[in-house]
Amino acid sequence: MAQSNSNTTIVAVAPSHGSLVTRTSANYIGDAETEGLTSGDINSRWAMMLSEGRSSFGKVPDNSLTRMISRFTANLDTDKNSNFQLPWNFGPFLEDVPRRLGHNAALDAATEAMMAAYMAFRSRGETNASMNNQLCLRSYGRAVNSLRECLNDHRASSSETLCSTMMLLIVETLSGLDKEKVLSHAGGAAGILKARGHAKSRNAFEDKILLSLRGPVIMHALFTTEPLFTDEQWEELIINPIEGYGVDGRVLKTLALFPNLLLDTRAAFSQEPIDYEKLRTIHTKMKDLYINHALNRQEVVARFEELDSREPDIKRLSIPLLVMHSHFARQAAVTLSYEAMLCLLLSTVCSAPLPPPTPHLDTGGFASDSGPEPWSPLIDPYIYLSQANTASKYLSDLCDKVTQHRPLGTIYMTFVMRVAHVAAATDEARAHILEQLRSFAKDMGGPSAQLDEKELNELGDYLSLRDMRGWRPGTGYLDDLSFRGAQDRWDGPESVSGATEIL
Numbered sequence: 002m003a004q005s006n007s008n009t010t011i012v013a014v015a016p017s018h019g020s021l022v023t024r025t026s027a028n029y030i031g032d033a034e035t036e037g038l039t040s041g042d043i044n045s046r047w048a049m050m051l052s053e054g055r056s057s058f059g060k061v062p063d064n065s066l067t068r069m070i071s072r073f074t075a076n077l078d079t080d081k082n083s084n085f086q087l088p089w090n091f092g093p094f095l096e097d098v099p100r101r102l103g104h105n106a107a108l109d110a111a112t113e114a115m116m117a118a119y120m121a122f123r124s125r126g127e128t129n130a131s132m133n134n135q136l137c138l139r140s141y142g143r144a145v146n147s148l149r150e151c152l153n154d155h156r157a158s159s160s161e162t163l164c165s166t167m168m169l170l171i172v173e174t175l176s177g178l179d180k181e182k183v184l185s186h187a188g189g190a191a192g193i194l195k196a197r198g199h200a201k202s203r204n205a206f207e208d209k210i211l212l213s214l215r216g217p218v219i220m221h222a223l224f225t226t227e228p229l230f231t232d233e234q235w236e237e238l239i240i241n242p243i244e245g246y247g248v249d250g251r252v253l254k255t256l257a258l259f260p261n262l263l264l265d266t267r268a269a270f271s272q273e274p275i276d277y278e279k280l281r282t283i284h285t286k287m288k289d290l291y292i293n294h295a296l297n298r299q300e301v302v303a304r305f306e307e308l309d310s311r312e313p314d315i316k317r318l319s320i321p322l323l324v325m326h327s328h329f330a331r332q333a334a335v336t337l338s339y340e341a342m343l344c345l346l347l348s349t350v351c352s353a354p355l356p357p358p359t360p361h362l363d364t365g366g367f368a369s370d371s372g373p374e375p376w377s378p379l380i381d382p383y384i385y386l387s388q389a390n391t392a393s394k395y396l397s398d399l400c401d402k403v404t405q406h407r408p409l410g411t412i413y414m415t416f417v418m419r420v421a422h423v424a425a426a427t428d429e430a431r432a433h434i435l436e437q438l439r440s441f442a443k444d445m446g447g448p449s450a451q452l453d454e455k456e457l458n459e460l461g462d463y464l465s466l467r468d469m470r471g472w473r474p475g476t477g478y479l480d481d482l483s484f485r486g487a488q489d490r491w492d493g494p495e496s497v498s499g500a501t502e503i504l
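Residue numbers for the sequence shown follow my numbering, beginning at 2 and rising by one.
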């Protein structure tokens, strides 16, 4: 069965022509030669070359390189379960790394650092944990310095340098470093892509890297003050030939538009008076985006629930199905967290105060005044808040269904449950989600294991614009409306009638 590897999970969620891989030796394994091979095939090829003393670099590898290749390939086994599986949790590009070692110092150093971080991650709680952590930190420092050197010359845009950046994101995630550092390297990856002038890949290896890099870059874009890419450039980055136009790619395509919409909405609200013309354009775009996303969400959730219902005890699933269960759960969680964010922003837009004078209905079904700034879509913002809360409930219920995949197969939960906390409608629900979030965060260790409720509140303020408007969507200015549709006033979520169900 064909399996998709859309990874959007590295969160606190992270290149001119002329790759350095230009050797034409008959011993070098090129992209065409490995097309269609599984990681097991590639590992076997490496084992054969090492046993024969044959080099893919044009020279016999030294002992350190041989050991690094051996250790790396040993941990690429796709038959491993979802708890510690590397390619399925971080991306299929990892399967191509061994044959590219020995050409780029940054990639070599990043590979060593990733293996050190992986060993340290797996040895937590053991007697040698402290030693492994120290080794991880030293390897990470060398990898960062090596990447800096590569970024200062012609190697900055090579496939290997782009891969090194992605691998450092993995190191930072496995090490439980604070989210600012993780997002910083995701921003570095975005900078490499921008420096190239476009987001298109140059070879099959880059296709795989970009497949996994999309999530971290989108996550970084959520917290920037300037757009990283235009909507058209985002589309170039998201659409990947490996994935085609499957539902995972379609979800990411809509998710990639959210950072620019968030920036545009914040810009419209920052004006005095509010830029209503811009807000109306944003609302129209967001409504269309929500409709498309709802269809994709139905497919993603149905796919997961069909597999989840096959076996009451997922421990009894075969390893391939167990890994697929982990992947489908991850995609459902990411999709629902995005829906919650989109609904929060829509509720904010629909809560905007009407400009004076008293508006009246025009023929288009919108309220408008006699001036040049028409407003407002006559939609109860509580409908969107209610849908965000429903997504939050589903994410909370999902926690119990993915426990079998901990720790590595659930790293995405540290972000999606933050969104679930923001979208929850009651103090009781938020308290329960906070407890779940703390449990998943402990899997990661380091600063990532520390949860600050102030940070969660700030995230909610940021996503719903309370940090700049000073009011919660669905309240405040709505009492000043002189036109309230069929209702005398907007009701709370508990009394909304006819709201569309999210699931």
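The beta carbon of each residue, even a glycine, is placed where N, CA and C say it ideally should be.
Residue i, buried or exposed, once every other Cβ within 10 Å from all chains shown has been counted against 16
| i | result |
| --- | --- |
| D314 | exposed |
| A48 | Bear in mind that the predicted position of A48 carries a pLDDT of just 37, short of 50, making it too unreliable to give a figure here. |
| Y141 | buried |
| S327 | buried |
| K455 | exposed |
| L296 | exposed |
| N28 | Unreliable positioning characterises N28 in this predicted model, as indicated by a pLDDT of 31, which lies under 50. A coordinate reading is not provided. |
| S65 | exposed |
| A333 | buried |
| E96 | buried |
| N146 | exposed |
| D154 | exposed |
| R254 | Correcting the residue identity first, residue 254 is Lys in this sequence and not Arg. With 16 or more Cβ atoms within 10 Å of its Cβ, K254 is classed as buried. |
| M325 | buried |
| S387 | buried |
| E209 | Residue identity differs from the one stated: residue 209 is Lys in this sequence, not Glu. Per the 10 Å Cβ criterion, buried. |
| D428 | exposed |
| R101 | buried |
DSSP state of residue i mapped onto helix, strand, coil
| i | result |
| --- | --- |
| N241 | strand |
| N261 | helix |
| I171 | helix |
| R470 | helix |
| A353 | coil |
| F85 | coil |
| M445 | coil |
| R125 | coil |
| V403 | coil |
| Q272 | coil |
| V98 | coil |
| Q299 | helix |
| H104 | coil |
| G192 | helix |
| L452 | coil |
| R331 | helix |
| L253 | helix |
| T231 | coil |
| T282 | helix |
| R311 | coil |
| S202 | coil |
| Y246 | coil |
| D78 | coil |
| G177 | coil |
Contact set for residue i: own chain, Cβ-Cβ below 6 Å, skip 5 residues either direction
| i | result |
| --- | --- |
| F58 | Because F58 carries a pLDDT of 31, less than 50, the predicted location of this residue cannot be relied on, and no value is offered for it. |
| I283 | D265, T266 |
| D468 | D462 |
| R304 | F329 |
| F122 | L175 |
| M414 | F441 |
| G41 | Here the model assigns G41 a pLDDT of 39, short of 50, so the residue's position is not dependable, and the following value carries that caveat. Once the five neighbours on either side are set aside, G41 has no close Cβ partner at all. |
Close-in-space but distant-in-sequence residues of the same chain around residue i (CB under 7 Å, 5 per side omitted)
| i | result |
| --- | --- |
| F73 | V98, P99, T112, M116 |
| N134 | A121 |
| K402 | D309, A330 |
| A33 | The pLDDT assigned to A33 is 38, lower than 50, so where the model puts this residue is not dependable; a value taken from the coordinates is nonetheless given after this. Same-chain partners within the cutoff: there are none. |
| L323 | N82, S83, I315 |
| L460 | R419, V423 |
Residues near residue i in its chain [Cβ-Cβ closer than 8 Å; skip 5 each side]
| i | result |
| --- | --- |
| N76 | L87, M116, Y119 |
| L452 | L435, L438, R439, A442 |
| R143 | A110, E113, A114 |
Contact test: residue i Cβ vs the ligand GTP heavy atom, cutoff 6 Å
| i | result |
| --- | --- |
| P242 | Summarising the ligand content, the structure contains no ligands, and the ligand GTP is consequently not present. |
Within-7 Å CB hit, residue i to chain D
| i | result |
| --- | --- |
| H294 | Here chain D cannot be found, since the structure has a single protein chain. |
I want to know whether the region 296 to 311 touches the region 212 to 227 - three or more CB-CB distances under 8 Å. no
Sufficient close CB pairs (3 or more, under 8 Å) joining the region 269 to 279 to the region 220 to 229: no
Hey, is the region 339 to 348 in contact with the region 303 to 319, meaning 3+ C-beta pairs nearer than 8 Å? With contact defined as three or more Cβ pairs closer than 8 Å, the region 339 to 348 and the region 303 to 319 are not in contact.
Three or more C-beta pairs under 8 Å: does that hold for the region 384 to 398 against the region 146 to 165? The answer is no - the region 146 to 165 does not touch the region 384 to 398, with fewer than three Cβ pairs under 8 Å.
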